[in-house]
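Peer 1: Right, I'll just put the structure down here and ask away after.
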Amino acid sequence: MKFRPCIDLHEGKVKQIVGETLHSNRVAENFVSAFDSTYYASLFKRDRLSGGHVIMLGPDNERAALAALETYPNGLQIGGGIHLDNAEKYLQAGATHVIVTSFIFRDGQLHKQNLLDLIQLVGKENLVIDLSCKEKNGRWYVVTNQWNTFSDFEVNEENIKYLEQYCDEFLIHAVDVEGKQSGIQQTLVQQLAQWTTIPTTYAGGARSLSDLQLFRNISNSKLDITVGSALDIFGGTQSYDEIVAYHRSINRVQHN
Numbered sequence: 046m047k048f049r050p051c052i053d054l055h056e057g058k059v060k061q062i063v064g065e066t067l068h069s070n071r072v073a074e075n076f077v078s079a080f081d082s083t084y085y086a087s088l089f090k091r092d093r094l095s096g097g098h099v100i101m102l103g104p105d106n107e108r109a110a111l112a113a114l115e116t117y118p119n120g121l122q123i124g125g126g127i128h129l130d131n132a133e134k135y136l137q138a139g140a141t142h143v144i145v146t147s148f149i150f151r152d153g154q155l156h157k158q159n160l161l162d163l164i165q166l167v168g169k170e171n172l173v174i175d176l177s178c179k180e181k182n183g184r185w186y187v188v189t190n191q192w193n194t195f196s197d198f199e200v201n202e203e204n205i206k207y208l209e210q211y212c213d214e215f216l217i218h219a220v221d222v223e224g225k226q227s228g229i230q231q232t233l234v235q236q237l238a239q240w241t242t243i244p245t246t247y248a249g250g251a252r253s254l255s256d257l258q259l260f261r262n263i264s265n266s267k268l269d270i271t272v273g274s275a276l277d278i279f280g281g282t283q284s285y286d287e288i289v290a291y292h293r294s295i296n297r298v299q300h301n
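Using this note's numbering, read the sequence shown as starting at 46 and increasing by one per residue.
Structure below.
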């Protein structure tokens, strides 16, 4: 299990927001940082936290995103509006992977040709598929259009196995709890741990060190996790340094 850091960008600033409100006229902001993206990239580089993600939430974030990648080359992934015309640029700028959702999920369906075109351009080894999902009738479905539109693509064992052929990692946001500090979506975590065989990062609801310990137990250390709004570096109460120390301690144990 790894702790994966995040840099969420909105209107060029580092923020923590409630993702479900992105489509509205009044975005719910949990935190707006006085520091720019390079501050956080430098912090994560200092602490040797690899595989974190920079997410561009809407327009006017490219400059801040590129600055973060330049600060921590080969240490961060990038997502948000990734498509054929810009994917290579971000990899050349220092991203290890591009993260994609909407480009491959259009009109409520998986567009396989778009996925294949992206693989041909950047390679499977540089691609992360973001399966941001919400619960409906006891099942999980990918949501797009700033998490506002349900697709017909169910996140289940069969579909996970299918998509594993086409990417290097998964990033899975539990949209129902994302940004709300209400605790992790335990059922989804348990199912993902059973279904996935490639590196998979879970995001959504983690608010404390005890949540990370619970996450580690119910995922059998198989999944990685990201924490956002709860961290003190993003205006929360959970010590970032404590999470980093925990990450180091469990990974020392796992490697011994």
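Yeah, the Cβ is synthetic: ideal placement off N, Cα and C, and Gly gets one too.
Small disclaimer: the values here were computed from a predicted structure and weren't measured.
Assuming Q122 contacts A140 (C-beta within less than 8 Å), just tell me the rounded distance between them.
Peer 2: Contact flag correct, Cβ pair sits at about 6 Å.
Peer 1: Report the option in Y285, A219, E180, E202 whose CA atom is closest to the CA atom of G250.
Peer 2: Of Y285, A219, E180, E202, the residue nearest in Cα terms is A219.
Peer 1: For T295, which residues in the same chain have their Cβ closer than 8 Å to its Cβ, ignoring the five residues on either side in sequence?
Peer 2: According to the sequence as given, residue 295 is Ile; it is not Thr. Closer than 8 Å at Cβ, skipping near neighbours: M46, R261, S266.
Peer 1: At which residues does the alpha helix (DSSP H) containing N75 begin and terminate?
Peer 2: Where N75 is concerned, there is no enclosing alpha helix (DSSP H), although the beta strand (DSSP E) it sits in stretches over 74 to 77.
Peer 1: Run the CB neighbour count on R252, radius 10 Å, all protein chains shown included, and call it buried at 16 or more, exposed below.
Peer 2: Classification for R252: buried.
Peer 1: What are the start and end residues of each continuous alpha helix (DSSP H) run of 4 or more residues lying completely inside the stretch 112 to 175, in chain order?
Peer 2: Listed in chain order, the complete alpha helix (DSSP H) runs (minimum 4 residues) inside the stretch 112 to 175 are 132 to 137, 157 to 167.
Peer 1: Buried or exposed for L129, going by 16 or more other Cβ atoms inside 10 Å?
Peer 2: Exposed, because fewer than 16 other Cβ atoms sit within 10 Å of the Cβ of L129.
Peer 1: Based on Cα-Cα distance, which residue from N204, E287, D221 lies nearest to N40?
Peer 2: Coverage of the chain is limited to positions 46 through 301, which leaves residue 40 absent and any answer about it impossible.
Peer 1: Do I149 and V99 have their C-beta atoms closer together than 8 Å?
Peer 2: No, they are not a contact pair.
Peer 1: Grouping DSSP H, G and I as helix and E and B as strand, with all else coil, what is R261?
Peer 2: Helix.
Peer 1: How close, in whole Å, do the beta carbons of T246 and I270 come, if the pair is a contact with beta carbons under 8 Å?
Peer 2: Rounded, the Cβ-Cβ distance is 7 Å, consistent with contact.
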